[in-house]
Amino acid sequence: MSLRISDAVIWQETEDRVSLFHTETGDFNTLNETGSRIWQLVVSDGEREPIALKLSREFAGNNPAVSRRILTDVQEFIDMMLETGLIEEHPA
1026 MSLRISDAVI
1036 WQETEDRVSL
1046 FHTETGDFNT
1056 LNETGSRIWQ
1066 LVVSDGEREP
1076 IALKLSREFA
1086 GNNPAVSRRI
1096 LTDVQEFIDM
1106 MLETGLIEEH
1116 PA
């Protein structure tokens, strides 16, 4: 499955943050540094597993417990973004 930003979302990067506006719901969000990094990886990679693995390498180093936590948190974040319609998942 491939991830992509919803056509209903207008977004902008500012320094280390990403600001999002959902044109259909009127919701406005500013992602924290980690959420912004995940957003950027959705844009560039578009696949759940590579996104989670990149973040794990960036933030966990060689710590398996931290790596597992990151993998879980990334999946939960992506699921939340799917539920709110900010990103979409399509067959590859």
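Start counting the sequence shown at 1026; every next residue gets the next number (the numbering used here).
For each residue, glycine too, the CB sits at the ideal point set by N, CA and C.
It should be emphasised that the depicted structure is a prediction, and the values quoted were computed from it without experimental measurement.
Based on the DSSP output, what are the partners of residue 1043 in its beta bridges? Within the sequence shown, numbered from 1, the residue matching residue 1043 stands at position 18. DSSP output for residue 1043 lists 1038 and 1056 as bridge partner(s).
For residue 1113, write down the residues that DSSP places opposite it in a beta bridge. Numbered from its first residue, the sequence shown carries residue 1113 at position 88. Among the bridge pairs identified by DSSP, residue 1113 is matched with 1029.
Nearest to residue 1036 (by Cα), restricted to the options 1027, 1026, 1061 and 1028: As a working mapping, residue 1036 is identified with position 11 in the sequence shown. Its Cα nearest to that of residue 1036, the residue 1061 stands out among 1027, 1026, 1061 and 1028.
How big is the Cα-Cα spacing for residue 1095 and residue 1032? Translated into positions along the sequence shown, residue 1095 becomes position 70. Translated into positions along the sequence shown, residue 1032 becomes position 7. For residue 1095 and residue 1032, the distance between alpha carbons rounds to 28 Å.
Looking only at its chain, what residues have a beta carbon closer than 6 Å to the beta carbon of residue 1000, apart from the 5 residues adjacent to it on each side? No answer is possible for residue 1000: it lies beyond the span of the chain, which begins at 1026 and ends at 1117.
Where do the ends of the alpha helix (DSSP H) carrying residue 1101 lie? Numbered from its first residue, the sequence shown carries residue 1101 at position 76. That run of the alpha helix (DSSP H) goes 1089–1108.
Kindly indicate which three-state DSSP category residue 1074 falls into: helix, strand or coil? Numbered from its first residue, the sequence shown carries residue 1074 at position 49. Helix at residue 1074.
Between residue 1087 and residue 1042, what straight-line distance do the alpha-carbon atoms span, to the nearest angstrom? Numbered from 1 along the sequence shown, position 62 holds the residue referred to as residue 1087. Numbered from 1 along the sequence shown, position 17 holds the residue referred to as residue 1042. Their backbone Cα atoms lie some 27 Å apart in a straight line.
From this set, 1029, 1051, 1056 and 1030, which residue's C-alpha is nearest residue 1040's C-alpha? Counting from 1 along the sequence shown, the entry for residue 1040 is found at position 15. Among 1029, 1051, 1056 and 1030, the Cα nearest to that of residue 1040 is on 1056.
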